[in-house]
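Participant:
There are 4 protein chains.
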Amino acid sequence: MRVLVKGGTIVTAADTYVADVLVVDEKVQAIGQNLQAEAERVIDAKGKYVLPGAIDVHTHLDMPFGGTVSADDFLTGTRAAAMGGTTAVVDFAIQSKGKSLRDAFDTWQEKARGKACVDYGLHVAITDLPDPVLAEMPELVEAGVSSFKLFLAYKGSLMVDDATFFKALRKARESGALISFHGENGDVIDVLVKQMVAAGQVTPRYHALSRPPEAEAEATARAIALAEMAEAPIYVVHLSAALALDKVAAARDRGLPVYAETCPQYLLKSIEDYDEPEFGGAKYVCSPPLRDKANWPRLWSGLNTGHLQTVATDHCPFNFKGQKDMGRDNFAAIPNGVPGIETRLYLMYTAGVLGGKIGLNKMVDLIATTPAKLFGLYPDKGTVAVGADADLVVFDPAVEHTITASALHQNVDYTPYEGFKAKGAVAAVLSRGKVVAEGGKFVGQVGAGKYIVRKRFSA
Amino acid sequence: MRVLVKGGTIVTAADTYVADVLVVDEKVQAIGQNLQAEAERVIDAKGKYVLPGAIDVHTHLDMPFGGTVSADDFLTGTRAAAMGGTTAVVDFAIQSKGKSLRDAFDTWQEKARGKACVDYGLHVAITDLPDPVLAEMPELVEAGVSSFKLFLAYKGSLMVDDATFFKALRKARESGALISFHGENGDVIDVLVKQMVAAGQVTPRYHALSRPPEAEAEATARAIALAEMAEAPIYVVHLSAALALDKVAAARDRGLPVYAETCPQYLLKSIEDYDEPEFGGAKYVCSPPLRDKANWPRLWSGLNTGHLQTVATDHCPFNFKGQKDMGRDNFAAIPNGVPGIETRLYLMYTAGVLGGKIGLNKMVDLIATTPAKLFGLYPDKGTVAVGADADLVVFDPAVEHTITASALHQNVDYTPYEGFKAKGAVAAVLSRGKVVAEGGKFVGQVGAGKYIVRKRFSA
Amino acid sequence: MRVLVKGGTIVTAADTYVADVLVVDEKVQAIGQNLQAEAERVIDAKGKYVLPGAIDVHTHLDMPFGGTVSADDFLTGTRAAAMGGTTAVVDFAIQSKGKSLRDAFDTWQEKARGKACVDYGLHVAITDLPDPVLAEMPELVEAGVSSFKLFLAYKGSLMVDDATFFKALRKARESGALISFHGENGDVIDVLVKQMVAAGQVTPRYHALSRPPEAEAEATARAIALAEMAEAPIYVVHLSAALALDKVAAARDRGLPVYAETCPQYLLKSIEDYDEPEFGGAKYVCSPPLRDKANWPRLWSGLNTGHLQTVATDHCPFNFKGQKDMGRDNFAAIPNGVPGIETRLYLMYTAGVLGGKIGLNKMVDLIATTPAKLFGLYPDKGTVAVGADADLVVFDPAVEHTITASALHQNVDYTPYEGFKAKGAVAAVLSRGKVVAEGGKFVGQVGAGKYIVRKRFSA
Amino acid sequence: MRVLVKGGTIVTAADTYVADVLVVDEKVQAIGQNLQAEAERVIDAKGKYVLPGAIDVHTHLDMPFGGTVSADDFLTGTRAAAMGGTTAVVDFAIQSKGKSLRDAFDTWQEKARGKACVDYGLHVAITDLPDPVLAEMPELVEAGVSSFKLFLAYKGSLMVDDATFFKALRKARESGALISFHGENGDVIDVLVKQMVAAGQVTPRYHALSRPPEAEAEATARAIALAEMAEAPIYVVHLSAALALDKVAAARDRGLPVYAETCPQYLLKSIEDYDEPEFGGAKYVCSPPLRDKANWPRLWSGLNTGHLQTVATDHCPFNFKGQKDMGRDNFAAIPNGVPGIETRLYLMYTAGVLGGKIGLNKMVDLIATTPAKLFGLYPDKGTVAVGADADLVVFDPAVEHTITASALHQNVDYTPYEGFKAKGAVAAVLSRGKVVAEGGKFVGQVGAGKYIVRKRFSA
């Protein structure tokens, strides 16, 4: 099977140029001017960008949380991903306390079985680390899990203590894995939440007030210090606050291998959204919470300077009706998370590139190339290059559209970006050479997404 | 009873001048040139300094630790203090888990009963903080305990979690108390100690290696962050590492009410001392451990700049024979602590003032005035001023002597400063108007030291 | 002559206590409770503070500037100083280009002759430094000029280049003198002023816009760097911007001997004042200019932390009518300077101490003790201590009054603090044992102020 | 003319992959696996890297300095560049005082006429900026000079004052040009040099001692501050000291558009080299001078973190015999500069990539892609991409060789890297599609290098 993408403007993390792309089977075989190749399928990309398929290294599909389950499973979630130009996701398999890491891995593979519409990998989130579990880490790396996550928040459920964190860091370093972490001080938050609830401070805004940016900065600094002592690299997920970015920047300026991710919600939404009437603020309840707008330019600057290397979604959807409203009387009962797997590219292009915050190559770097490199998907994924997987997005910058939940493919009844005027739309998406999205429709095959055995961390 | 101290050079935190001091009963009544007063006792202080009695806000007398008890009790400890020019100590009453703070207070009052040779106050160290104990804090403040300490190290025994720490900070703020803390990350240290011991790395030097300066910097930064969120002041005890000082300096430069203490051992002794032959390194096993010498100039600079406000001793003596040697086969079994209650003034004057590191007024400020102010002993103590307690030290800068354990009054078989050539000696000490030390002899009355009901924190 | 100040609350940089002060001739002879001394004069200070006479180390009396002369000469200026509780000033003798430093010194001595109402010292401001002038510096130090100032602003008139600055620093270090400097980048300001004037941007607000805080921060950082290379101490006069304070703090945290002064106008007035109608903004034209209010808390914090050590006035008065209005059509023609020699104590006590920004001892330290120590007036001046000059202020905290130009003794037709509600008033002032102000009247003798041969710098 | 480069491993700033490259005339036409193209010339690149031709944005060819002229002219210099894998240089045309910028441009074009062996661009160095010269800047930009340089060092010759610098920054911003600068404080250096020479301190090491790193840090910070006030981007040439890097990092962390370059000599040679016997230290006399080795890891870290974006050579060759030895009796008479135009790629690959300091893509980014982007040569140059100039280097990583002056093509009698064991050699070089170097021989055409009309700065 040969596909010829003709005349597009190819954008990589480094370069921008006009050329044709010849795809043979699953791979890019050639890139050139006026390629004279026979192809079963020709896609006219003139005036359009040809981007590497985006990679989302932070999703929570089919995840139990607070007595409910996130609203997208691997089918609806990866399908929505594809529709939004994302051709690979790395989801979090979460260890149940008392069980093995392998159990988590198997459970999540089961969730994915026959459903994935694009390729996927798995991180494992460690919640409990007795010695036998510690010993499992290298085996998991062998199985393609070259990254683990730990939580410094969610006291009483997901949170680990510093000893666990430190042990995981040391073992990860030996095993060629990267440790990522949720950086908020769960102890402080626990005290504040209890106090606020006891005081009747139960509206969504108190979610944010119970999780101050200083609690994020503290946990971020602590994790970096532990990583420095363990001589291990570390990756901050969903960094939301400039105060935390300062800690990352200081560490990087000292030469430490510290990496950090932010998400569109922290670049575009703010603490003011918690005041949306009729409990609408619940839609934005995620952790870390949305911050003051003063953080926005600092985060954009961090993306440009390089202290923030990736933009992922932390897609963790819960329906407003039936899920978010479990916390109508108490913010602490609102399931944490916002949907975003489908909208990232639109937001980053319109607000980021067209908004003059970042360049086009930088956008590709943030949502595709660097995530691929940090998490062992590169060079198969994350770029447009000869020999790489033909995970391609033909992106039409001329199309304008308004983001609205009803037009999205995410299985959730709202989007935080309702009404956002986007410029630029996905015209076609190829996943390993097959067209999976086109003309606003999913045209791929459910279950065709493969599990990615990710390479060990090296950087 | 009237005592006239004639012709001395009075030194306060701000001023240096020659004058006579007239003491009537327990107080300083007048200071002047050629005071014409009748006095039962005249002390010729010509050519000598008249200093405020030093205050040691960090001592551990009669304290159980690791299956043994610190070698000085309130009698020998406060007597040695007096001999070294210290006229007030604030000792740590340590809560037993499951017991009340009041119980700790009472226990320590019992230890002190009839023994104290100079005045004393008590901090209470909190190790366990269920709600009823939390509720005790204001009562303790009422009883003169205007400061509490928590430990971020000593996992499994004294260490508290961040929630406890945060709750204590908030309650302290309400109650007018100051929280101090031992700043080392106990989780990391616990992992490292176990691993080192398992690997047969058991000599005293491993004590230091198991407690890296980064673990101190991390805990210090964390405590400051928690205090910032609690909007409470905070006091770092025994800061040993420049990396931790950086955290204090950054906080203070932002205007936060953060205070810090260091001790002579961190200014004068180093990690190299752990290599003293024949297990001699055990003498220096204290926590935080001695650091690389490169930290010394940074700490002196911190004292000068004002980021470090006090010098205390952390006097916690264990005999080399019979106590320190419990850890001959395993550094982790060495009782932690060094003696120092008697030698501080000599060290600070010789190494600090004569060594060109700090001025004489600054020395007085560090060992007397600021400790008195921070811990509620001022204006009765901590200065030479009309109306203040006549806690005075006549210090002869002309006398040279060599520090040696046998000549000291501490009840312990060694001193870390053995052989130190000191310039300047205590000629006489007055405690509330009574001469208690003179001619190298204790001439006071055992038990005459009173418990000090310390004032609430305000700064 | 004996004066007994009875029952006041004595405040020094370190201590606060109630006692009587016995003055004999020019000196404090005794301090005590219920001093039984015969005295020709008894001042009842009960309920009042007894403070050391304040010291103003930054005044410009009888100074030519921009074609006019500052409105206070040594008579009116030092008389106003006395009325406001300031018992010593250090004025700037400014070298004329092409002339010697000695010439400047002599010229200013001539200005002071027979006029000074309180004691005074002289700095010399260097504007031109060929080798013979450089060689004069030690001689001037010998004559009591232990500090020199250089300007990094005022291009074309007072400004020196970095080579001159660097040479002066090195020579000062050899000679035991302290270099102070006006820290603004004169080159940038010169370009901006010319451009603004050319563009018709001529109202007082443009004075501030032509002198951005970054220009102050730059010059401050540069001067510190030059001092570091010269291994010399340095003193920043009239620091106005938090950005510049950051540079001072960073240097001090590294242990460099950097000192800095701010002035009440930078703590209490802001850039908004330039918009006072009817050209009223001209009253606030001084350099550095008033800044955004956001700087205020940062400066107060710097005073507390110790990165700012002194508060002086930069008293440089020009009448609104006849002087300030020379620049009605062009801000660049407005003589630079604000009056303040008389109001400092009121402002610092009311806004600082009563406003909860600084403590009372700190206030004394900032306006008396540390200036005295840094500039070689201590221990004669700057404190209340036995043996010191009896330069004393009896300050009544109970009196309320409103600052208004007509009630002040400064020889200038306005005050920037018009309408300020002050709490606390000067009840009496002693200068070397003589009462010079009392009951709101100057009762001293014109010309009784002596030139102070200041000691060499040492710190 | 068609050239097929077969089977090489293509390396760009972002990607690494194996493919054939088809060159048609001057451009890359296609990149693919097993390209079936007819070609006049086939180059077997199997097992070799195919890199973009390196770009050297800092050279001084045929430059008058201190009474002599740099030893390479455009012929020998660009030929040596080609031999070392550099296919474009941007040289500095230096304005003579009193003359126009255009004059400098014309003079340098005359120097290059008929000689350039690879393409070249020109910066103009501004030494004198009266208004008519300021007005020329946009015209020069129009002529392809999209960058200007100013010197903060070389007092009395090249140095400009801050006003000139600031005006140039503002005009550059309007014109779409980037200002670069030599960052050392010329005033301080001038004082130190004179003093050292006067004291008989004349050996090469004093060159370094007269130019301390603090003088570089100061000038760097000042230039950044001026750029911030001018709201203009800025580029630091030849950054040598970690202290200066700290200033760059702080600015970038605040989001300022500050860029910086270092050179191989600052990564690999040190102040100790000045002690090479028999006046050998003179070989290393360049400005800024070589620094203490402790700077090396900090600079490598800066390259990795992204605070340093480029590595250029500052190629400024003077023969040891006949030029460097002009300063045998006085370091100040040694012409400043080291050769390096030919050796950069070897050094960066061996010491950087193989030494584990930087990745291969990063190396390409530093020596080709980012220089091309910052200085307006991109996308024609700086990458391997379809449509770009076929400026290609086939680099054989298997060849080992020892750097020695006699084997280099630079027209100078020594190399600072004599004896350096390099791994990896240039096998072939294409300049706009023509093979210019092969088998260690220059096979191109003298004068075939074209002047590059560089694009305006945008970033």
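Protein chains in written order, with the numbering used here: chain P, 19 to 477; chain S, 19 to 477; chain R, 19 to 477; chain Z, 19 to 477.
We put the CB at the ideal spot given by N, CA and C, even for glycine.
#1: Tell me the DSSP bridge mates of F110 (chain Z)?
#2: What distance in whole Å lies between the Cβ atoms of V41 (chain R) and L326 (chain R), which are believed to be in contact at a cut-off of 8 Å?
#3: With DSSP collapsed to three states, give me the class of K115 (chain Z).
#4: From this set, Z:D33, Z:C135, Z:T323, Z:S228, which residue's C-alpha is nearest A278 (chain Z)'s C-alpha?
#5: Answer yes or no: does any C-beta atom of chain Z fall closer than 8 Å to that of P251 (chain R)?
#6: Nearest chain P C-beta to A98 (chain Z) closer than 8 Å, yes or no?
#7: If you measure from the beta carbon of L152 (chain S) to each beta carbon in chain P, is any gap under 8 Å?
#8: Which chain S residues sit within Cβ distance under 7 Å of S319 (chain R)?
#9: Could you tell me which of S:M101, S:M247, S:G400, S:T328 sits nearest to T34 (chain R), measuring between CA atoms?
#10: Using CA atoms only, rank isn't needed, just tell me which of R:A57, R:M247, R:G84, R:E234 is closest to P230 (chain Z).
#11: Could you tell me which uninterrupted alpha helix (DSSP H) segments, each at least 4 residues in length, are contained entirely in the segment 213-267 of chain R, listed from first to last along the chain?
#12: Would G102 (chain S) and R362 (chain S) qualify as a contact pair, given that the criterion is a beta-carbon distance under 8 Å?
#13: Please list, in chain order, all residues of the same chain as G201 (chain R) whose beta carbon is under 7 Å from its beta carbon, the five residues on each side excluded.
#14: For A446 (chain R) and P282 (chain S), I'd like the C-alpha separation in whole angstroms.
#15: For V464 (chain P), which residues of its own chain have a beta-carbon under 7 Å away from its beta-carbon, when the five flanking residues on both sides are left out?
#16: Give me the chain P residues within the contact set of Q47 (chain Z), using Cβ-Cβ distance strictly less than 7 Å, ordered along the chain.
#17: Under the assumption that A122 (chain R) contacts V108 (chain R) (Cβ atoms under 8 Å), give the Cβ distance between them as a whole number of angstroms.
#18: Give the secondary structure of T387 (chain Z) by DSSP, where H, G and I count as helix, E and B as strand, and everything else as coil.
#19: Tell me whether A350 (chain P), by its Cβ, gets closer than 7 Å to a heavy atom of the ligand COA.
#20: Assuming L79 (chain Z) and D90 (chain Z) make a contact with CB atoms under 8 Å, what is their CB distance in whole Å?
#21: Using a Cβ-Cβ cut-off of less than 7 Å, give me the residues of the segment 199-231 of chain R that come near chain Z, in sequence order.
#22: Note down the Cα distance separating D383 (chain P) from P148 (chain S), rounded to an integer number of angstroms.
#23: Check whether the segment 407-425 of chain S and the segment 172-188 of chain S touch, using three or more Cβ-Cβ pairs below 8 Å as the test.
#24: Quick one: what's got a C-beta closer than 6 Å to T104 (chain R)'s C-beta in the same chain, skipping five residues either side?
#25: Would you check if there are 3 or more beta carbon pairs closer than 8 Å linking the segment 291-306 of chain R to the segment 211-229 of chain R?
#26: Taking the beta strand (DSSP E) that A445 (chain S) belongs to, which residues open and close that run?
#27: Between the segment 296-316 of chain Z and the segment 337-351 of chain Z, do at least 3 Cβ pairs fall closer than 8 Å?
#28: Nearest to S305 (chain P) by CA position, among P:R97, P:V444, P:T280, is which residue?
#29: Anything in the segment 19-39 of chain R with a Cβ closer than 9 Å to a Cβ of chain S? List those residues in chain order, please.
#30: In whole angstroms, what is the alpha-carbon distance linking A111 (chain Z) and G467 (chain Z)?
#31: Going along chain P in order, which residues have a C-beta closer than 9 Å to the C-beta of P397 (chain Z)?
#32: Report the option in S:Q213, S:L158, S:K441 whose CA atom is closest to the CA atom of L196 (chain S).
#33: How many whole angstroms separate the CB atoms of L410 (chain R) and V151 (chain R), which I take to be in contact at a CB cut-off of 8 Å?
#34: Per DSSP, what are the beta-bridge partners of G50 (chain P) in this structure?
Facilitator: Checking against the coordinates, here is how it stands:
#1: Z:H141
#2: In fact, because the Cβ distance is near 32 Å, the residues do not count as touching under 8 Å.
#3: coil
#4: Z:T323
#5: no
#6: no
#7: no
#8: G273
#9: S:G400
#10: R:M247
#11: 222-227, 231-248
#12: yes
#13: L170, E234, A237, T238, A241, V254, A262
#14: 46 Å
#15: L93, K133, C135
#16: G50, Q51
#17: Contact doesn't hold; Cβ gap of about 14 Å is too wide.
#18: helix
#19: Looking for the ligand COA in the displayed structure turns up nothing, as the structure carries no ligands at all.
#20: 5 Å
#21: N203, D205, V206, D208, V209, P230
#22: 50 Å
#23: no
#24: A72, D74
#25: yes
#26: 439-449
#27: yes
#28: P:T280
#29: I28, T30, A31, A32, D33, T34, Y35, V36, A37, D38
#30: 17 Å
#31: D33, T34, Y35
#32: S:L158
#33: Actually they are not in contact, since the Cβ atoms of L410 (chain R) and V151 (chain R) sit about 40 Å apart, beyond 8 Å.
#34: P:D38, Z:A48
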